[in-house]
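Presented below is the structure to which this report refers.
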Amino acid sequence: MASEVGVGAARVARRGGTGTGRTRRTRRSRSTAFSWAMAGPNTAVVALFLLLPLGWAVWLSFRDAGTFGPTRFTGLENYRRMFSDEVFWQAVVNTAVFTLATVPTSILLGLGLAVLLDSALPAQRVWRTVIYLPIVLSGLATALIGSLLFEQSIGIVNKLLAAVGVTGPDWQTDGAWAMASLVLVTVWVRVGFSMVIYLAGLQDVPRDLYEAARLDGAGAWQQFRQVTVPLVRPTTFFLVVLNVIYSFQVFDLVYAMTNGGPGFATTTLPFFAYQYGFEQRQQGYGSAIGLVLFLVVLAFTALQWRGQRGAVQGGA
Amino acid sequence: MAARDGVRPSRPPRVRLGLLARTVVAALAALVVFVPMYSMVVIAFSPRRDVFDRELRLLPSSWTTENFRELFADYPVWLWMGNSFTVAALTTVLTVALNLSAGYAFAKTRFRGDTLVFLLLLSTLMIPLQAVVIPQFRLVSELGIYGTFWAVILPGAASAFGIFLARQFMTAIPDELLEAARIDGAGELAIFFRIVLPLCRPLIAVLTLLTFMYHWNDFLWPLIALKERELYRLPVALGFLNGQYETNYGGVMAATLVSSIPMVVLFLLFQRSFVAGFARSGIR
Numbered sequence: 001m002a003s004e005v006g007v008g009a010a011r012v013a014r015r016g017g018t019g020t021g022r023t024r025r026t027r028r029s030r031s032t033a034f035s036w037a038m039a040g041p042n043t044a045v046v047a048l049f050l051l052l053p054l055g056w057a058v059w060l061s062f063r064d065a066g067t068f069g070p071t072r073f074t075g076l077e078n079y080r081r082m083f084s085d086e087v088f089w090q091a092v093v094n095t096a097v098f099t100l101a102t103v104p105t106s107i108l109l110g111l112g113l114a115v116l117l118d119s120a121l122p123a124q125r126v127w128r129t130v131i132y133l134p135i136v137l138s139g140l141a142t143a144l145i146g147s148l149l150f151e152q153s154i155g156i157v158n159k160l161l162a163a164v165g166v167t168g169p170d171w172q173t174d175g176a177w178a179m180a181s182l183v184l185v186t187v188w189v190r191v192g193f194s195m196v197i198y199l200a201g202l203q204d205v206p207r208d209l210y211e212a213a214r215l216d217g218a219g220a221w222q223q224f225r226q227v228t229v230p231l232v233r234p235t236t237f238f239l240v241v242l243n244v245i246y247s248f249q250v251f252d253l254v255y256a257m258t259n260g261g262p263g264f265a266t267t268t269l270p271f272f273a274y275q276y277g278f279e280q281r282q283q284g285y286g287s288a289i290g291l292v293l294f295l296v297v298l299a300f301t302a303l304q305w306r307g308q309r310g311a312v313q314g315g316a
Numbered sequence: 317m318a319a320r321d322g323v324r325p326s327r328p329p330r331v332r333l334g335l336l337a338r339t340v341v342a343a344l345a346a347l348v349v350f351v352p353m354y355s356m357v358v359i360a361f362s363p364r365r366d367v368f369d370r371e372l373r374l375l376p377s378s379w380t381t382e383n384f385r386e387l388f389a390d391y392p393v394w395l396w397m398g399n400s401f402t403v404a405a406l407t408t409v410l411t412v413a414l415n416l417s418a419g420y421a422f423a424k425t426r427f428r429g430d431t432l433v434f435l436l437l438l439s440t441l442m443i444p445l446q447a448v449v450i451p452q453f454r455l456v457s458e459l460g461i462y463g464t465f466w467a468v469i470l471p472g473a474a475s476a477f478g479i480f481l482a483r484q485f486m487t488a489i490p491d492e493l494l495e496a497a498r499i500d501g502a503g504e505l506a507i508f509f510r511i512v513l514p515l516c517r518p519l520i521a522v523l524t525l526l527t528f529m530y531h532w533n534d535f536l537w538p539l540i541a542l543k544e545r546e547l548y549r550l551p552v553a554l555g556f557l558n559g560q561y562e563t564n565y566g567g568v569m570a571a572t573l574v575s576s577i578p579m580v581v582l583f584l585l586f587q588r589s590f591v592a593g594f595a596r597s598g599i600r
């Protein structure tokens, strides 16, 4: 099994592909009733709780709807309102800024650490375990730890900075710094994840390539640039897609750490959609915002798919 | 690499220096990642005045369990933990059972429209929770299960990701094996339970761990679907406590620690399966 840990789903998908070939097909069970009895329940649950709600969200987005009670058809009113809502555009920008800041940082640091921890080191397992431990904490737990770290007057980060004679920034009252604190906490959690995936990807890089590069006189940096980086490209692609999708959906952290503020400086699209759906109780408008988020994820995935078709099939 | 370095009788000083430098960098990185978790533990065991102290403390001024005692005395923490466990365990059992059987159907049987249905299920992976959470809320209200554990468990079991993982894993099982069993007179169900499932142990371990972790940590949907304090699960309770305690970081960190311990223990016990699961799936 260890071998397929590699490029993750990609490899497994390819292997799966060969299984459906030629004569195999005829040997499979043909009992349709049995097949449906096996596949039906899961299909029904997904259809009921994911596909139906998606259609329902589209329906709601054209209506004026509170939490309970009747709804009223209002056509494109929710969308018109959204596009003229300044806070909506700020949420779009915030989501983009958050994504652009978190994705490359956590992926690059993850790759660096994976290469480092893939080499022979004393106590290697200890470093690895510590670095990926934050993955298992809940989003809420990381958010609360983040609040403890970045509280601007009594938080640990500013105390640390003060200890070396630096006045720490206003993490809570300055919008840009509030966003920075969200980014830092996110990177803290995701570095370990990227590292795990890269460590698996590195298992697939043939060791003799490094040997050959060394014989050609390549130094450590050149080996990294010329051998490692190109060969882990499918892993990088996989991580970019996943991380971007996660970043588009950031919610728990914003909810518990900054509550979208100060002002609307850290209001992201998912948080904005939640606020309208459940705090402002305007579920029609909330649905429209949620659908825009869906379209953004869909467009991004489609774009990546076209750009990398064949490289990582079944990646996300 | 390790082996080759090992055989070499004496390493040149440059290699040793490089090793030292790499070890230092690795240790520093681990330290930076560790500091936030360490701070959580220290503050949880610190008296309240430490938090407001201007100076930086590496250890509590005096170790105390008062934050934990207050937390457990003032709030039904055990109940919350029980709720978390019940909901996560039930959702996991249901999800894994549904995923395994569907995965088998898609990997090893053919029926009309199977590819289409499979692709349709896979496409739901791209739906962000926030896009469907409002109708899901309305749906559980219509079904009359709003505010009950079922409102969390049933939608939680709608997982396309597990079907995908199960199908890929089961496709690798040779058809000849199933055919041989069929010739020996085994029924379809017997083949699934006696031949396929025992071969799927690594898959089941990974699916179970990741699904359980996901539901133990899940926040947004339970926040919406459950309103009674007695039904809270730990992450939602954490959000609630954060509001109640205002700036009592000791109490909040004690609660955060309590909610994280079960996952950390599970992770340390089953590290290999977890890591394989992350690597294969990309779920968090």
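First to last, the sequence lines map onto chains Y and B. Numbering follows my numbering, in which position 257 of the first sequence is assigned residue number 257; successive positions increment by one, without gaps. Each position in the second sequence, counted from 1, maps to that position plus 316 in my numbering. Virtual Cβ for every residue (Gly too), placed ideally from N, Cα, C. For clarity, every value in this text was computed on a predicted model and none was experimentally measured.
Beta-carbon gap between residue i and residue j smaller than 8 Å
{"i": "B:L557", "j": "B:A541", "result": "no"}
{"i": "B:A592", "j": "Y:I131", "result": "no"}
{"i": "Y:N42", "j": "B:N415", "result": "yes"}
{"i": "B:E544", "j": "B:G463", "result": "yes"}
{"i": "B:V341", "j": "Y:L116", "result": "yes"}
{"i": "Y:G175", "j": "Y:A265", "result": "yes"}
{"i": "Y:P134", "j": "B:V349", "result": "yes"}
{"i": "Y:S194", "j": "Y:S106", "result": "yes"}
{"i": "Y:T228", "j": "Y:V191", "result": "no"}
{"i": "Y:W171", "j": "B:F427", "result": "no"}
{"i": "Y:S147", "j": "Y:A288", "result": "no"}
{"i": "B:A343", "j": "Y:W188", "result": "no"}
{"i": "Y:V240", "j": "Y:V103", "result": "yes"}
{"i": "B:V568", "j": "B:V468", "result": "no"}
DSSP bridge partner residues for residue i (one or two, in chain order)
{"i": "Y:D64", "result": "Y:R72"}
Per-residue burial, residue i [other beta carbons within 10 Å of its own, 16 or more giving buried]
{"i": "Y:G21", "result": "Legend: pLDDT at Y:G21 = 41, less than 50; position of this residue unreliable, value from coordinates given subsequently. Classification for Y:G21: exposed."}
{"i": "Y:V164", "result": "exposed"}
{"i": "Y:P234", "result": "buried"}
{"i": "Y:Q283", "result": "buried"}
{"i": "B:W379", "result": "exposed"}
{"i": "Y:T167", "result": "exposed"}
{"i": "Y:N259", "result": "exposed"}
{"i": "B:F368", "result": "exposed"}
{"i": "Y:I145", "result": "buried"}
{"i": "Y:D118", "result": "buried"}
{"i": "B:P490", "result": "exposed"}
{"i": "B:L493", "result": "exposed"}
{"i": "Y:T32", "result": "exposed"}
{"i": "Y:P230", "result": "exposed"}
{"i": "B:S400", "result": "buried"}
{"i": "Y:V221", "result": "Before going on, a small fix: residue 221 of chain Y reads as Trp here, not Val. Per the 10 Å Cβ criterion, exposed."}
Three-state class that DSSP yields for residue i in the structure shown
{"i": "Y:E151", "result": "coil"}
{"i": "B:K543", "result": "coil"}
{"i": "B:E495", "result": "helix"}
{"i": "B:F535", "result": "coil"}
{"i": "Y:R306", "result": "helix"}
{"i": "Y:G21", "result": "Caution is warranted here: a pLDDT of 41 is assigned to Y:G21, below 50, making its placement in the model unreliable, and no coordinate value can be reported."}
{"i": "Y:A218", "result": "coil"}
{"i": "Y:Q172", "result": "coil"}
{"i": "B:E458", "result": "helix"}
{"i": "Y:D118", "result": "helix"}
{"i": "B:D430", "result": "helix"}
{"i": "B:N558", "result": "helix"}
{"i": "B:E295", "result": "Not covered by the structure: residue 295 of chain B. The range shown for chain B is 317 to 600."}
{"i": "Y:Q275", "result": "helix"}
{"i": "Y:R250", "result": "What sits at residue 250 of chain Y in the sequence shown is Val, not Arg. It is coil, neither helix nor strand."}
{"i": "Y:G263", "result": "coil"}
{"i": "B:S377", "result": "coil"}
{"i": "Y:T95", "result": "helix"}
{"i": "B:Y548", "result": "coil"}
{"i": "B:R370", "result": "coil"}
{"i": "B:N564", "result": "coil"}
{"i": "Y:Q90", "result": "helix"}
> Just by C-beta distance, which residues in the stretch 273-293 of chain Y are closer than 7 Å to chain B?
Replying inline: Under the 7 Å Cβ criterion, the stretch 273-293 of chain Y contributes A273, Y274, G277, F278, Q283, G286, S287, G290, L291, L293.
> Got a sec: which bits of the stretch 82-114 of chain Y sit with their beta carbon under 8 Å from any beta carbon on chain B, in order along the chain?
Replying inline: Listed by position along the chain: L113.
>> Against chain Y, which members of the stretch 421-434 of chain B pass a CB distance test of less than 8 Å?
In response: For the stretch 421-434 of chain B, which is checked against every Cβ of chain Y, the residues closer than 8 Å are A421, F422, A423, K424, T425, R426, F427, R428, D430, V433.
> When you check each C-beta in the stretch 461-474 of chain B against every C-beta of chain Y, which residues fall closer than 8 Å?
Replying inline: Going along the stretch 461-474 of chain B in chain order, one finds L470, P471, A473, A474 with a Cβ nearer than 8 Å to chain Y.
>> Counting only Cβ-Cβ distances shorter than 8 Å, please list the residues of the stretch 575-600 of chain B near chain Y, keeping chain order.
In response: Going along the stretch 575-600 of chain B in chain order, one finds S575, S576, M579, V580, L582, F583, L584, Q587, F590, V591, A592, F594, A595, R596, S597, G598, R600 with a Cβ nearer than 8 Å to chain Y.
> Going along the chain, which residues of the stretch 493-509 of chain B sit with their C-beta nearer than 7 Å to a C-beta in chain Y?
Replying inline: Of all residues in the stretch 493-509 of chain B, those with a C-beta nearer than 7 Å to a C-beta of chain Y are E495, E504, reading in chain order.
>> So if I threshold CB-CB distances at 9 Å, which residues from the stretch 332-349 of chain B count as touching chain Y?
In response: Contact residues of the stretch 332-349 of chain B toward chain Y are G334, L335, R338, T339, V341, A342, A343, A345, A346, L347, V348, V349 (C-beta to C-beta distance below 9 Å).
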